[in-house]
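Trainee: Residue numbers (the working numbering), protein chains in the order written: chain A, 1 to 363; chain B, 1001 to 1314. Just so it is clear, CB atoms sit at the ideal spot from N, CA and C, and this is done for glycine as well. Given the structure is predicted, the values throughout are model-derived calculations rather than measurements. Would you mind keeping the following structure in view while I ask a few things?
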């Protein structure tokens, strides 16, 4: 266990009856780090957050916060503040009372309460709202108050449980920026649960991608995006999803190539080239923006036909038919193609991923 | 704005702008006042209302007549001479057994039974429901099942054992005994009611309070209670009417001088000696039914207001 870690999770398991939700989970979160737990619903990410908060008891394993074993501690004694998806503001209390509830429960002197409420409301710019009830606030204002409630408690670790999922798209991106700014100025450790990969990629120092109670990959966003450790991560991150071609590695000339449906792709530029062995069944993954249309960088070219065009403003998304596969390609929004047009594709293999077909791990 | 100017120009500048220039249906669809559907709906409502109001009318009218007028037999006729004597007699001087102080004694007995029973049962059941909904303690499921089964066992089965238990404790026949019985028998349905209500409150609110450091009672008193006015009103209506209208427990577990109003009403109405005083009986019955009626009217309004006040979207 890393004693410098802000939050450290050791061999944590959690079972609900016969259902195992978290399995032998280990995770060290550095001081001041913004860690995002990302996964689809039911992957155990919120459960893990609730365990860290102390709202759920671990079946096995330990949780350390600031080097202290808090596995059996009450939520209030863990030095955490939590922000919930539904805001969870106390409806009968004013914003001010909402912010100060925890402090009043802890019998903090009134002068200190006033000071901290004033500071939090200044940081979040909610001073004009202090006398209002939650029902009189908009969604974005409510979530700000909810963040403020964690802020006044002066905690080491902030826990966010899908805080932006109830907001509309515009507010969501605004508050996302604000949370990032908050983290930059407070420099607290923050653990943030979301199913939204954009939130994860934009906010995180590191992302932990979870599936069935297991962390699939823990890395910074760039690594997660460019070098996914396995097929699940590769398919989960990125929209539209990475193109996957099932095929085989073969000898071609003096090098190794990937072949699928009788079409060969040279892999000389692939960064794990030396690990590739001919005869292996593999899956080739290429992101839509790593395929060039009618722009040859010098490598081989493949014929394809435009099937569907989806203009998305800045980008233009093409769905192409290529040797029996359907492939998505992202190009500049200014470049338009007619359906049925014949085009030449070239693949940027330096940014592609090759996965073993059986273990589904990246080679 | 630009559109308006353009339209004005088209209409020749000064001519007033005409609405709905395109012919055809516009605005709200006209609905006929008399249609097949309306006749059925209003007809059914009217018949049902009359069906329930006629007995009430007969009761009120009869209670305001003197006995000679009642003997004429026109039960639907309005009173020729209004008299409040039957009401006074029903309340203050009608005889049941040895006592001749009317329903007033029963009324006060019922108040002394109902108020503590309602308060005690709601207080305990709300905490029960809160604990079952939010604090999943060991054996909570089992406890809940036992409680639910309790709600399905007919009361009559338990009367004799309870009589023995109360006798052994030494409170048989006292108001305390009856209050305890009412509180216990209200427990299953009230606990279920409160549990379901607290389960319906957002769980994250409870979690947030725990992170804020509030304990079992602080969360209950400061977070949950202020949000639960509607369900408390519902529980109160249920309990007040249920306990006030109870006859079985009243007659079994009390003595003549502690009889609740319902039992005393029965004794007045069913007394076999002398002439049947229909006007007194009617007045006594209305008096007894007045309390649940008032509760419905007063708290029904509170109930609606409670729901409106609690309507905070998550």
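1. Can you tell me whether residue 127/A is buried or exposed? The criterion is at least 16 other CB atoms within 10 Å of its CB, across all chains shown.
2. Have a look at the DSSP bridge pairing and note the partners of residue 322/A.
3. Tell me the residue span of the alpha helix (DSSP H) that contains residue 112/A.
4. Quick one: what's got a C-beta closer than 6 Å to residue 1209/B's C-beta in the same chain, skipping five residues either side?
5. Residues of chain A with CB closer than 7 Å to the CB of residue 1213/B, please, in chain order.
6. What residues in the region 1130-1148 of chain B bring their beta carbon closer than 7 Å to a beta carbon of chain A?
7. Which chain B residues sit within Cβ distance under 8 Å of residue 81/A?
8. Give me, in chain order, the residues of the same chain whose beta-carbon lies closer than 8 Å to that of residue 358/A; leave out the 5 immediate sequence neighbours on both sides.
9. Whose Cβ in chain B lies nearer than 8 Å to the Cβ of residue 55/A?
10. What residue from 1181/B, 1041/B, 1086/B has the CA that sits closest to residue 1068/B's CA?
11. If you reduce the DSSP assignment to three classes, tell me which class residue 71/A lands in.
12. First and last residue of the beta strand (DSSP E) that includes residue 62/A?
13. Anything in chain A within Cβ reach of residue 1218/B, meaning under 8 Å, just list it in chain order.
14. Measuring only the C-alpha atoms, how far is residue 302/A from residue 154/A?
15. Drop a sphere of 10 angstroms on the beta-carbon of residue 274/A, count the other beta-carbons inside from all chains shown, and report buried for 16 or more, exposed for fewer.
16. If we call anything under 8 Å between Cβ atoms a contact, is residue 1282/B one with residue 1062/B?
17. Under 8 Å, do residue 100/A and residue 117/A count as touching if we go by C-beta distance?
18. Are three or more beta carbon pairs between the region 167-176 of chain A and the region 14-23 of chain A nearer than 8 Å?
19. Can you give me the start and stop residues for the alpha helix (DSSP H) that residue 96/A sits inside?
20. Relative to the alpha-carbon of residue 92/A, which residue among 1134/B, 1139/B, 1228/B has its alpha-carbon at the smallest distance?
21. Any idea if residue 1322/B is buried or exposed, counting beta-carbon neighbours within 10 angstroms, 16 or more meaning buried?
22. Quick one: Cα of residue 89/A to Cα of residue 162/A, how far?
23. What are the boundary residues of the alpha helix (DSSP H) that includes residue 1038/B?
24. Excluding five sequence neighbours on each side, which residues of the same chain lie with their C-beta closer than 6 Å to the C-beta of residue 164/A?
25. Exposed or buried, residue 1261/B, counting other C-beta atoms within 10 Å across all chains shown (16 or more means buried)?
26. Can you tell me where the beta strand (DSSP E) with residue 26/A in it begins and where it stops?
27. Output the residue ranges of the beta strand (DSSP E) runs that lie fully inside the region 197-268 of chain A and measure 3 residues or longer, sorted by chain position.
28. Measuring only the C-alpha atoms, how far is residue 212/A from residue 123/A?
29. Does the beta-carbon of residue 5/A have 16 or more other beta-carbons within 10 angstroms, so that it is buried, or is it exposed?
30. Please classify residue 349/A: does DSSP put it in a helix, a strand, or coil?
31. In three-state terms, what does DSSP make of residue 1245/B?
Mentor: Quick look at the numbers:
1. With fewer than 16 neighbouring CB atoms inside 10 Å of its own CB, residue 127/A falls in the exposed class.
2. Residue 322/A is bridged to 325/A.
3. Element bounds for residue 112/A: 110-123.
4. These residues qualify, in order along the chain: 1219, 1223.
5. Chain-ordered, the chain A residues with CB closer than 7 Å to the CB of residue 1213/B read 76, 102, 105, 106.
6. Under the 7 Å Cβ criterion, the region 1130-1148 of chain B contributes no residue.
7. Ordered by position in chain B, the residues that pass the 8 Å Cβ test against residue 81/A are 1211.
8. Hits under 8 Å: 281.
9. Chain B residues near residue 55/A: 1207, 1210, 1211.
10. For residue 1068/B, the nearest C-alpha among the options comes from 1086/B.
11. Reduced to three states, the DSSP call for residue 71/A is coil.
12. Segment 60-65, the beta strand (DSSP E) holding residue 62/A.
13. Residues of chain A passing the Cβ test: 105.
14. C-alpha separation (whole angstroms): 59 Å.
15. When all chains shown are included, residue 274/A counts as exposed.
16. Cβ distance < 8 Å, so residue 1282/B and residue 1062/B count as in contact.
17. Their beta carbons are under 8 Å apart, which means residue 100/A touches residue 117/A by this criterion.
18. No, the region 167-176 of chain A does not touch the region 14-23 of chain A.
19. Residues 95-105.
20. For residue 92/A, the closest alpha carbon among the candidates 1134/B, 1139/B, 1228/B is that of 1228/B.
21. The structure shown does not extend to residue 1322/B, since chain B is modelled only from 1001 to 1314, so the question has no answer here.
22. In this structure, the straight-line span from the alpha carbon of residue 89/A to that of residue 162/A is close to 15 Å.
23. Note, residue 1038/B: alpha helix (DSSP H), 1036-1063.
24. Cβ within range, chain order: 172, 175.
25. Classification for residue 1261/B: buried.
26. Per DSSP, residue 26/A belongs to the beta strand (DSSP E) from 19-29.
27. Within the region 197-268 of chain A, the beta strand (DSSP E) runs of at least 3 residues that lie entirely inside it are, in chain order, 206-211, 214-219, 243-252, 255-260, 263-266.
28. Going by the C-alpha atoms only, they are around 38 Å apart.
29. Its Cβ being crowded by 16 or more others within 10 Å, residue 5/A is buried.
30. If DSSP states are grouped into helix, strand and coil, residue 349/A belongs with the helices.
31. Residue 1245/B falls in the helix class under three-state DSSP.
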